[in-house]
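Residues in the sequence shown are numbered from 1 upward in steps of one, following this note's numbering. Backbone N, C-alpha and C define an ideal beta-carbon position, used for all residues, glycine too.
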Amino acid sequence: MRKEQVKAVLDRVLTWPSERQEDAAKVLMLMESQDQSVYRLTDEQVEEVRRRLADPKPRRLTLDEFKERLSRRSSE
1 MRKEQVKAVL DRVLTWPSER QEDAAKVLML MESQDQSVYR LTDEQVEEVR RRLADPKPRR
61 LTLDEFKERL SRRSSE
């Protein structure tokens, strides 16, 4: 999107009802605050998130299975 297109959209936002303008401002401020975060995913982590989201049948662990795996990892 070009700067002119962004400016045109923002100019139109100013014609919206005040409640909608507040919503738009909140969304933009949220996006801006996320850019300030020190936390970033690596490319590998992003791919893992995408892979997991795409899995139609994610494997679920019971609490007992989780505890078993956790105990095995902590004893290594």
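Range covered by the alpha helix (DSSP H) that runs through residue i
i	result
Asp43	43-54
Lys57	Lys57 -> no alpha helix (DSSP H), and no H or E assigned at all.
Ser75	Taken as a continuous stretch (DSSP letters only), Ser75 belongs to no alpha helix (DSSP H), as it is neither H nor E.
Three-state secondary structure assigned by DSSP to residue i
i	result
Val13	helix
Gln5	helix
Gln36	coil
Nearest residue (CA-CA) to residue i, options the options
i	options	result
Glu44	Pro58, Arg52, Val38	Arg52
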